[in-house]
Structures are given as structure tokens and as C-alpha cells.
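Take the sequence shown: its position 232, counting from 1, is numbered 293 in the UniProt record's numbering, and each next residue is one higher. Beta carbons are placed, not taken as given, at the ideal position from N, Cα and C, and that holds for glycine. A quick write-up on the structure given underneath.
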Amino acid sequence: EPDGDFYGQLDDLTPEQQEVRLAVRGFMQEHVAPIMNAYWSRDEFPRHLIPELRKLNLPRRIWNEDGTRRPGATMTEGMITLEACRVDVSTAVFFGVHAGLAFASIALGGSAEQKAEWLPKMLDLEAIGAFGLTEPEGGSQVSQGMRTTCRQDGDGWVLSGEKYWIGNSPFSDFTVVWARDEDTQEVRGFIVRAGTPGYHVRKIEGKVALRIVENGHITLTECRVPDSDRLQETRGWRTTAEVLRLTRAGVAWQGVGCAFGAYELALGYAQRREQFGKPIGNFQLIQNHLVHMLGNVTSMLSLVLRLSRMADAGQMRDEHASLAKVVTAARCRETVALARETFGGNGILLDNGVIKHFADTEAIYSYEGTNEINTLVVGRAITGFSAFV
Ligand code: FAD
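Below, the structure is given as C-alpha cells:
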């Protein structure tokens with residue numbers, strides 16, 4: 062089996078991280094690979110795999126029940142993401158939204174009671190979460206231009222507005238909704254449970270990337286939420302930003318995993334596919350593609366391994382995560398394009414796998430902060446000048 066880890070960089074992981082990595086690899090090969098194209102074609106997430114995924118106990122490898130992170134959590138998350146994305150980025154996104162964004166929102170912003178109610182169920186994938194921040198009017202400006210509002214009303218809150226692109230929300234048990242307080246202008250987080258009157262989710266149709274992830278357009282129409290479901294410990298936008306900081310390293314890992322998968326598919330194909338009487342891997346131009354891809358995945362891997370160690374040591378700042386996201390997304394885009402090219406016309410057939418990586422990269426490139434926005438985060442850090450507005 063081709064292996065993109067040319068320098069054996071993954072050999073330095075702890076035995077537990079290795080075990081997690083192999084467990085996810087086995088799960089992806091046994092359960093996801095055989096059905097993913099069918100679910101891709103139907104724009105549907107294979108929910109029946111959730112009990113199977115539960116058996117791997119993955120969230121408990123990252124988080125403790127009280128919402129604190131386990132030692133080496135970012136690296137462990139990286140292993141899960143790498144192995145999932147190698148086969149199917151959507152599976153990693155389902156997991157990342159639930160065990161990353163939604164879980165971290167409650168872990169960082171919830172009271173002891175809220176954590177006790179939700180975190181154990183989330184760790185066991187008994188309750189699935191979603192994270193509602195982006196709005197139809199835009200994601201980049203959401204910290205300043207958030208239009209969804211909340212208004213205190215007796216012992217509860219009334220939420221109004223819309224959220225767009227919200228992963229898992231068409232079937233999640235709840236969505237963490239971020240809204241601006243009409244009185245104080247402060248950003249607050251709410252646990253909005255599925256079935257709450259005034260909370261409506263429409264599945265977004267027609268995506269050509271990450272088709273297996275179900276994204277929702279949420280409408281909140283005078284939606285009443287009890288005060289006990291307001292995240293009690295948030296500190297305005299700072300908490301939202303902390304959640305995003307915690308998960309951005311995971312998105313950088315998505316780019317690495319996706320590029321790994323595409324490179325390995327291309328190498329296998331170059332060794333099998335014959336033209337002019339020999340495998341196309343004999344040709345210098347094809348070798349050039351392969352070596353370029355290998356250089357990309359090797360350097361991307363070094364970058365995210367270092368970033369994850371910094372994150373786990375408490376040394377990672379926003380600009381560190383942003384730089385990794387910018388670089389890995391761009392290198393991934395280049396890698397999947399070369400991989401697709403190596404397959405010739407067969408590269409656009411879903412059954413050959415590589416086109417799914419190609420399409421999914423476009424989403425990686427633009428979510429959790431677009432390439433431009435993450436670039437500006439780094440630009441601000443190195444120059445001291447903010448170019449956002
Ligand atoms: P816009 O903000 O409209 O940006 C459009 C373009 O303008 C981009 O190129 C951007 O970089 C550029 N731009 C904007 N401002 C500037 C500036 N100041 N300087 C230079 N360039 C600028 N959101 C959630 O809350 N929860 C989810 O679960 C979720 N899942 C997602 C899943 C998918 C598949 C996708 C595609 C998106 C998801 N998102 C989610 C939303 C995602 O985070 C946003 O798409 C992203 O933040 C970008 O926002 P936008 O798409 O509205 O683009």
C-alpha cells in the first residue's frame with residue numbers, strides 16, 4: 062500500500078496516538094470506503110455508521126468529561142483527521158463539527174451543569190452537535206456584522222435570525238447558536254435543541270464539495286430558549302474566537318489528510334495504468350507530478366506536526382494556526398489537481414476516488430476562515446497593521 066509518510070514522521074507518535082490512527086484507518090476502509098460514493102451521489106450522511114463509530118471511543122481520546130483536554134489532544138485529533146481525510150473528508154468534518162466546534166463551545170462556555178448534561182452524551186456520540194455561527198450575509202465579517210439577535214424575555218431568551226452552512230444541523234440533536242444581545246450588543250451562545258418551536262432547519266442542496274456532510278440553513282423565528290440553555294460562562298466574542306482557535310489546527314490537518322489520500326491514489330494509478338506499453342509511472346513528467354505531490358505532503362506534515370505540538374504545549378497563537386491553514390489548503394489544492402491530472406480522463410470518475418478529494422479541497426480552502434482572512438490574521442501579526450477593514 063503506498064504511504065505518503067516518506068520521512069516516517071508519524072513514527073514518533075505515542076503508542077496511543079498510533080493506536081487511534083490505525084483504528085480510524087480500519088474504520089474508514091471497512092465501513093466508509095465501500096459506501097461513500099453512494100452517499101456522495103445522494104448528498105447524504107450515512108447516519109447508520111454513528112453506532113459503529115461510537116465503538117472507537119474517539120472523543121474520549123481528546124476530551125475529559127469535565128471539558129478539559131487530554132494531554133496531546135491536538136495531535137490525537139490530528140491523527141483522526143488525517144486518517145479520515147485520506148479516504149473521505151466529509152467523515153472528518155462530521156466528527157470535527159461535533160467533537161470540535163460544538164463540544165468546545167460547551168466545554169469553554171458552559172456551566173458545570175451544562176457540561177454535566179451534554180458532554181458525556183457527546184463523548185459517547187449519543188447526542189450529536191452542530192455549530193451555528195455563519196450567516197447568509199457572510200462568514201468573514203460575522204464577528205462584526207452578526208445579525209442574529211437574542212433578547213431577554215422573562216426567564217428565557219428570544220432568538221431571531223438565520224444561520225447558513227451549518228454542518229450536521231439537519232439531523233443534530235442541538236445546534237450551538239451564536240447571537241448578539243439586542244440590549245448590550247454582546248455575543249452570546251445558546252444550545253438550541255432540535256424540535257424547539259421557531260427553530261427550522263432546511264438542508265442545503267446542490268453542493269459539489271463535501272456532499273456527504275449535511276449542511277443546514279437555519280431560520281430562527283422568535284425562537285424561545287430557556288436561560289438554562291444559554292451558555293453561562295461565555296465572555297462575548299472572545300469565547301467564540303477561542304473555540305475557532307482550538308479547531309483551526311484540525312482544519313489544517315484536513316488539508317494534509319486530503320492531499321495524502323490524493324497522492325497515494327495517484328501513485329497507485331501511475332504504477333498500474335499502462336500507456337505506450339508500460340506503466341505511466343515510467344514517464345518523467347508523471348514522476349515529476351508524483352515527486353511534487355510528495356514534497357507537498359511531506360512539508361505539510363512537518364508543519365502540522367509542529368503546530369500540534371505547539372497547541373498541546375499551550376504555545377499556539379491565532380496566527381500560527383492561520384498560517385498552517387493557509388499553507389496546507391494551498392498545497393492541498395495543488396496536490397489534488399496534480400493527482401487528478403495523473404489519472405487523465407479517468408480522474409473525473411467518482412469511482413476512481415481522486416475527484417472527491419479535488420472537490421472537497423475547495424471547501425477546506427474557504428471554511429473556518431477563508432484563505433484571505435487567515436492570510437490577514439498572519440499579516441496583522443507580523444506587521445502590526447490590520448488590513449481587515
Ligand atoms: P464571504 O465572507 O462572503 O467572503 C467572500 C470572499 O471575500 C472570500 O474570498 C473572502 O476571503 C473575501 N473577503 C471577505 N472579507 C475580506 C477582507 N476583509 N479582505 C480580503 N478578502 C475578504 N459555518 C458555521 O458556522 N458552521 C459550520 O458548521 C460551517 N460549515 C461549513 C461547511 C462548508 C462545506 C462550507 C463551505 C462552509 C461552512 N461554514 C460553516 C461557513 C464558513 O465558515 C464560511 O463559508 C466562511 O467563513 C467564509 O464565509 P463566506 O462563505 O460567507 O464568504
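The ligand FAD heavy atom lying under 7 Å from the CB of residue i
i	result
Trp226	yes
Gly338	no
Ser201	yes
Val413	In the sequence under discussion, the amino acid at residue 413 is Asn, which differs from the Val named in the question. Flag unset: Cβ of Asn413 not near the ligand FAD.
Ser204	no
Val387	no
Tyr260	no
Val253	no
Leu220	no
Ile273	no
Phe164	no
Val269	no
Leu305	no
Phe192	yes
Val439	no
Ile141	no
Tyr428	yes
Ile434	yes
Thr301	no
Cα-Cα separation, residue i to residue j
i	j	result
Ala160	His353	34 Å
Trp226	Val203	13 Å
Leu411	Gly199	31 Å
Gly277	Phe337	49 Å
Gly69	Leu366	12 Å
Phe404	Arg296	50 Å
Leu399	Thr444	34 Å
Leu265	Phe344	With the sequence shown as reference, residue 265 is identified as Ile, and Leu is not the correct amino acid for it. Taking the straight line joining both Cα atoms gives about 43 Å.
Leu355	Gly65	7 Å
Thr209	Gln246	11 Å
Val450	Asp379	19 Å
Glu402	Glu91	28 Å
Asn432	Ala442	16 Å
Ile252	Gly193	10 Å
Pro340	Leu351	14 Å
Asp214	Arg241	15 Å
Ser363	Gly440	22 Å
Pro95	Glu105	15 Å
Glu335	Asn407	13 Å
Limits of the unbroken beta strand (DSSP E) element including residue i
i	result
Asn276	Asn276 to Pro287
Tyr260	Tyr260 to Lys264
Gly250	Val248 to Arg254
Contact under 8 Å by Cβ, residue i with residue j
i	j	result
Thr137	Val93	no
Cys284	Arg249	no
Ala302	Val397	no
Cys146	Gln315	yes
Ser166	Val237	yes
residue 451	Leu292	Nothing in the structure corresponds to residue 451, since the chain is present only between 62 and 450.
Thr135	Met89	no
Pro107	Asp216	no
Pro197	Glu223	yes
Thr359	Phe155	no
Lys386	Glu429	yes
Trp101	Lys417	yes
Ser233	Ala191	yes
Asn349	Glu275	no
Met361	Ala331	no
Glu144	Gly329	no
Val150	Ile425	yes
Thr75	Gly133	yes
Leu271	Ala313	no
Asp72	Arg115	no
Ala168	Gly128	yes
Where the alpha helix (DSSP H) through residue i begins and ends
i	result
Tyr426	Val415 to Ser427
Ala191	Ala191 -> not in any alpha helix (DSSP H); beta strand (DSSP E) instead, spanning Gly190 to Gly193.
Tyr324	Trp298 to Arg333
Lys176	Ala173 to Leu184
Met97	Met97 to Arg103
Leu83	Pro76 to Phe88
residue 24	As displayed, the chain neither begins before 62 nor continues past 450, which places residue 24 out of reach and without an answer.
Gln205	Val203 to Gly206
Phe155	Val150 to Phe156
Asn435	Asn432 to Thr444
Phe164	Phe164 to Gly170
Arg121	Pro120 to Ile123
Near the ligand COA: residue i beta-carbon under 7 Å from a heavy atom
i	result
Ser233	Annotation note on the ligand COA: not contained in the displayed structure, which lists the ligand FAD as its ligands.
Checklist line | Uninterrupted alpha helix (DSSP H) stretches inside the region 210-242 (no shorter than 4 residues) | finding: none
Next item on the list: Go through the region 348-408 residue by residue and report every complete run of the alpha helix (DSSP H) that reaches 4 residues or more, in order.
Entry: 379-403
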